[in-house]
Amino acid sequence: MKHFLSGSIALLFLFTSLQLRAQFTKADIFKSSVDITWLGVDYSEVKFIGPATGWGDEGTKTPTEMRDKYFPAWNELMVKEAKVFKIAEAVSRVEVNFAIDVTADANAKMNKKEIFSENIGDFQLVSEGDVQKMIKNYNFKGKTGIGFLLVAEGMSKGREEASYWVTFVDMKNKKVLLTQRMLGKASGIGFRNYWANTVKNILKTMKKDFKNWE
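Per our numbering, the very first residue in the sequence shown carries number 4; after that it's consecutive.
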């Protein structure tokens, strides 16, 4: 009986230890042995600073068109051309997992009547607290580990750049481990590529500075 109890206690201790280990910390983000999953870009709170007309090669844009056409196109492009965007290299990994369906769900629910603004003060309206609230509403669909995403905040036609919150989250408990605002310069030909390159440029900067975030 004593052997049975001691064995049970040992198993309970092991199980508890594993449970605790499953709760990630900020330090785990910088350990190359810890897997990271790219969740894509959440555009559900983005503001486009500038008139809805004259946005590149396809004329006037609408909130519905942005949600149904460009939000998915941008995220799919980043997966299709992951080596070009260098997502894994940005977080000092050989490779990352992909689960852009998480942000796809959030983007599909965007129901703003207007996402275009000519008020330059709307460029950075999302706070760190807002990011945390957004993450709490995510459906990670059983995925665990560290998730990596960008929360799009503002895209300024006049400044030719976009503002994002670079965010790492423990997907099991929906806890934000780290979120930091970064700006990415726009570049390229065509509306899709012009704004997609803001993400590419942020990831490029991350690759250089990532270790300094520890």
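Backbone N, C-alpha and C fix where the C-beta goes; we use that ideal spot for every residue, glycine too.
Mind checking which residues open and close the alpha helix (DSSP H) that includes Thr170? Your numbering for residue 170 matches position 167 in the sequence shown. That residue, Thr170, is in no alpha helix (DSSP H); its beta strand (DSSP E) goes Glu164 to Asp173.
Please confirm if the stretch 184–201 is in contact with the stretch 25–33, defined as three or more CB-CB distances below 8 Å between the two stretches. Touching, no.
Quick one: what's got a C-beta closer than 8 Å to Asp104's C-beta in the same chain, skipping five residues either side? Taking the sequence shown and counting its residues from 1, the one referred to as residue 104 is at position 101. Excluding positions up to five away in sequence, the list reads Lys144.
Where are the alpha helix (DSSP H) runs, 4 residues long or more, that stay fully inside the stretch 44–91, in chain order? Entirely contained in the stretch 44–91, the alpha helix (DSSP H) runs reaching 4 residues are, in chain order, 74–83 and 85–88.
With a cut-off of 8 Å on the beta carbons, I'd call Val154 and Val129 a contact; round off their distance for me. Residue numbering aside, residue 154 sits at position 151 when the sequence shown is read from its first letter. Residue numbering aside, residue 129 sits at position 126 when the sequence shown is read from its first letter. The C-beta separation of Val154 from Val129 comes to about 6 Å, placing the pair in contact by the 8 Å criterion.
My assumption, with CB atoms under 8 Å, is that Leu80 sits in contact with Ala199. Please give the rounded CB distance. What you label residue 80 is simply residue 77 of the sequence shown in a count that begins at 1. What you label residue 199 is simply residue 196 of the sequence shown in a count that begins at 1. Confirmed, Cβ separation roughly 6 Å.
If you run the structure through DSSP and keep just helix, strand and coil, what is Gly132? The residue labelled residue 132 in the question sits at position 129 within the sequence shown. Correct three-state label for Gly132: helix.
Report the rounded CA-to-CA distance for Phe18 versus Thr65, giving the unit in angstroms. Taking the sequence shown and counting its residues from 1, the one referred to as residue 18 is at position 15. Taking the sequence shown and counting its residues from 1, the one referred to as residue 65 is at position 62. Summary for Phe18: the model assigns pLDDT 43, below 50, so the residue's position carries little reliability, and this model does not support an answer.
Return yes when the Cβ of Thr208 is within less than 8 Å of the Cβ of Ala189, no when it is not. One-based indexing of the sequence shown puts residue 189 at position 186. One-based indexing of the sequence shown puts residue 208 at position 205. Going by C-beta atoms, Ala189 is not nearer than 8 Å to Thr208.
Can you grab the Cα-Cα spacing for the pair Gly191 / Lys116, in whole Å? Working through the sequence shown from its first residue, we reach residue 191 at position 188. Working through the sequence shown from its first residue, we reach residue 116 at position 113. One C-alpha to the other measures close to 28 Å.
Quick one, which of Val134, Ala111 and Gly150 has its alpha-carbon nearest Gln26's? As a first step, residue 26 must be located in the sequence shown, where it is residue number 23. Per the Cα distances, Gly150.
Does the beta-carbon of Thr28 have 16 or more other beta-carbons within 10 angstroms, so that it is buried, or is it exposed? Counting from one through the sequence shown, the residue named residue 28 turns up at place 25. Thr28 comes out exposed.
Just to confirm my understanding: we take Gly161, look at its own chain, exclude 5 residues before and 5 after, and list those with CB closer than 8 Å. What are they? Within the sequence shown, the letter at position 158 stands for residue 161. Residues Ile52, Gly53 and Ile123 of the same chain have their beta carbon placed closer than 8 Å to that of Gly161, with the five preceding and five following residues left out of the count.
Please name the residue or residues paired with Gln183 in a DSSP beta bridge. Here residue 183 corresponds to residue number 180 of the sequence shown, with the count starting at 1. Its beta-bridge partners are Val169.
I need the straight-line Cα distance from Val97 to Val87, nearest angstrom please. Here the question's residue 97 lines up with position 94 in the sequence shown. Here the question's residue 87 lines up with position 84 in the sequence shown. Whole-angstrom Cα-Cα distance: 14 Å.
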